[in-house]
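Accompanying notes for the structure given below.
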Amino acid sequence: MSLSLPVEPSRARSLTRVVPELLASLDGRSEWFAPATSAIVFVIDGLGAANLSARAGHARFLSASSTKRDTARTVFPSTTATALTSLLTGASAGQHGIVGYRARIPGTDRLVNQLRGWETDSLPSDWQRAERLVAQTDRPTFAVSKDEYAGTGFTAATLGEAEFVGVDDLTSRVDRAAELAAQHPGSFIYLYANDLDAIGHKRGWESDEWIVGLERVDAAVRALVTGGAAGTGVVVTSDHGMIDVPRHRQILLHDGDDLLDGVDLIGGEPRMLHLYAAPGAAERVREVWRAAEGSRSWILSRDEAIAAGLFGAVDDDVRDRIGDILVAARSAIAYYDDRVADKAPQKMVGQHGSLTNEERVVPLIRLGAFA
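Below, the structure is given as structure tokens:
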């Protein structure tokens, strides 16, 4: 079975370089961006480049000029916990240790949530292992997001040194980010919106509701740029794209299924599983999955994934957080462990996490002083 992986897009820039280049732009040293008096990165969760292109007529400001458009390549797995950590540390998953949505604590039988696990799973404060980029600058730094994210473990792990400004309404949030950029010359502002991601998971990115959400986001970006101070540079990007997986494309794993033989724990997420095998069972698990699912998913051992550079350079303390076997969907499918009592995740339509360009290529749109 071929293990050929997707070719990296030749023009897409690495998401891990975005914030370092934005900070450098404030000193006129960026290789990517023109000099700016303040810099804003607006992260629109769940907006892939392919999603935006397919609905360009509903995002006329974002899509207005090809000279303002570029793309970035998000990290693997293409999921929020991993991608936002990489964006805000400049490090790969193999360095910062957030290797997916759910991962095993090495040496235990515990799966932890790497987005909310500080609150739900008692993750230690140093679980995220890389230095935050905002800690490496003496410039004013702000995180403008929903108030519910103030004081969370994930916020502390990625943005701890930034001043958090909680604003629930999207329009008011954007206005506040523009105000901060004007009031604090030389500042860096992280602006986050999860509206599209939430709609996509619930209804799918091809739904009418998602289009309405996109139009609202497009209007917010326009307001951010047109209402911002001269000299403020704005970059619009995302953590991942999205693929719709209808119910009939779900693969449900049941008791007695050969695919579960020798599997102790299932981590990751529906389009990118971390399979943690019983002692001595990893090779057999890999071959069973390849025989059954290799035509519609990439099946790799941990060593194969590391050798392919999917997680970047992998530190020794991170290695065993990665599953013994990885299952990354290439078709429009999603895998669910149907043995668990909570079936709510099976209601999700929009999915992400895998290696496809639809999930990994995101916008990198330069506006304001960067246009």
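Position 233 (the sequence shown) corresponds to 1222 in the working numbering; numbering is contiguous. Virtual Cβ for every residue (Gly too), placed ideally from N, Cα, C.
Here's the rule: buried if 16 or more other CB atoms are within 10 angstroms of the residue's CB, otherwise exposed. What is residue i?
| i | result |
| --- | --- |
| residue 1347 | buried |
| residue 1291 | buried |
| residue 1010 | buried |
| residue 990 | Low confidence applies to residue 990: its pLDDT is 43, below 50, so where it sits in the model is not reliable enough to give any reading. |
| residue 1046 | exposed |
| residue 1017 | exposed |
| residue 1096 | exposed |
| residue 1020 | exposed |
| residue 1026 | buried |
| residue 1447 | Lying outside 990 to 1360, the shown extent of the chain, residue 1447 is not represented and no answer is given. |
| residue 1340 | buried |
| residue 1201 | exposed |
| residue 1345 | buried |
| residue 1160 | exposed |
| residue 1356 | buried |
| residue 1039 | buried |
| residue 1294 | buried |
| residue 1099 | exposed |
| residue 1049 | exposed |
| residue 1117 | buried |
| residue 1075 | buried |
| residue 1268 | exposed |
| residue 1245 | exposed |
| residue 1352 | buried |
| residue 1219 | exposed |
| residue 1163 | buried |
| residue 993 | exposed |
| residue 996 | exposed |
| residue 1072 | buried |
| residue 1119 | buried |
| residue 1043 | exposed |
Since residue i and residue j are thought to touch, with beta carbons under 8 Å apart, how far apart are those beta carbons, to the nearest angstrom?
| i | j | result |
| --- | --- | --- |
| residue 1259 | residue 1330 | About 17 Å; that fails the 8 Å criterion. |
| residue 1081 | residue 1297 | That belief does not hold up - the Cβ atoms of residue 1081 and residue 1297 are roughly 13 Å apart, past 8 Å. |
| residue 1221 | residue 1354 | 15 Å between Cβ atoms; not a contact. |
| residue 1449 | residue 1316 | Limits of the chain in this structure are 990 at one end and 1360 at the other, which puts residue 1449 out of reach. |
| residue 1243 | residue 1312 | Their Cβ separation, rounded to whole angstroms, is 20 Å, which puts residue 1243 and residue 1312 out of contact at 8 Å. |
| residue 1266 | residue 1253 | 7 Å |
| residue 1130 | residue 1145 | Wrong, their Cβ atoms sit about 14 Å apart, outside the cutoff. |
| residue 1251 | residue 1091 | Contact doesn't hold; Cβ gap of about 19 Å is too wide. |
| residue 1304 | residue 1084 | 6 Å |
| residue 1070 | residue 1036 | With a Cβ gap of about 17 Å, residue 1070 and residue 1036 do not count as contacting. |
| residue 998 | residue 1350 | 6 Å |
Taking the DSSP output, what are the residues bridged to residue i?
| i | result |
| --- | --- |
| residue 1131 | 1152 and 1178 |
| residue 1258 | 1261 |
| residue 1031 | 1180 and 1225 |
| residue 1061 | 1002 and 1351 |
| residue 1203 | Note: residue 1203 sits in no beta bridge, so no partner. |
| residue 1091 | 1102 |
| residue 1007 | Note: residue 1007 sits in no beta bridge, so no partner. |
| residue 1252 | 1266 |
| residue 1164 | DSSP, once it has assigned bridges, lists no residue as partnering residue 1164. |
| residue 1110 | Bridge partners of residue 1110: none, in fact. |
| residue 1232 | 1340 |
| residue 1239 | 1323 |
| residue 1357 | 1222 |
| residue 1314 | 1264 and 1290 |
Quick one: what's got a C-beta closer than 6 Å to residue i's C-beta in the same chain, skipping five residues either side?
| i | result |
| --- | --- |
| residue 1153 | 1132 and 1139 |
| residue 1364 | There is simply no residue 1364 to check, as the chain begins at 990 and stops at 1360 in what is shown. |
| residue 1066 | 1089, 1261 and 1342 |
| residue 1193 | 1233, 1338 and 1339 |
| residue 1320 | 1285 |
| residue 1167 | 1213, 1216 and 1217 |
| residue 1238 | 1321 and 1322 |
| residue 1318 | 1260, 1286 and 1343 |
| residue 1079 | 1005, 1009 and 1122 |
| residue 1299 | 1065 |
Leaving out the 5 sequence neighbours to the left and right, which residues in its chain are closer than 8 Å to residue i when beta-carbon positions are compared?
| i | result |
| --- | --- |
| residue 1236 | 1335 |
| residue 1077 | 1008, 1121, 1122, 1123, 1147, 1148 and 1179 |
| residue 1000 | 1059 and 1060 |
| residue 1023 | 1014, 1222, 1358 and 1359 |
| residue 1003 | 1061 and 1062 |
| residue 1171 | 1027, 1217, 1218 and 1221 |
| residue 1272 | 1290 |
For residue i, which residues from the same chain have a beta carbon less than 7 Å from its beta carbon, with the 5 sequence-adjacent residues on both sides left out?
| i | result |
| --- | --- |
| residue 1033 | 1182, 1185, 1206, 1225 and 1227 |
| residue 1112 | 1101, 1106 and 1142 |
| residue 1128 | 1015, 1175, 1176 and 1177 |
| residue 1241 | 1325 and 1327 |
| residue 1109 | 1102 |
| residue 1198 | 1188 and 1192 |
**Minimum length 3: unbroken beta strand (DSSP E) runs contained in the segment 1266-1309** = Taken in chain order, the complete beta strand (DSSP E) segments of 3 or more residues contained in the segment 1266-1309 are 1286-1290.
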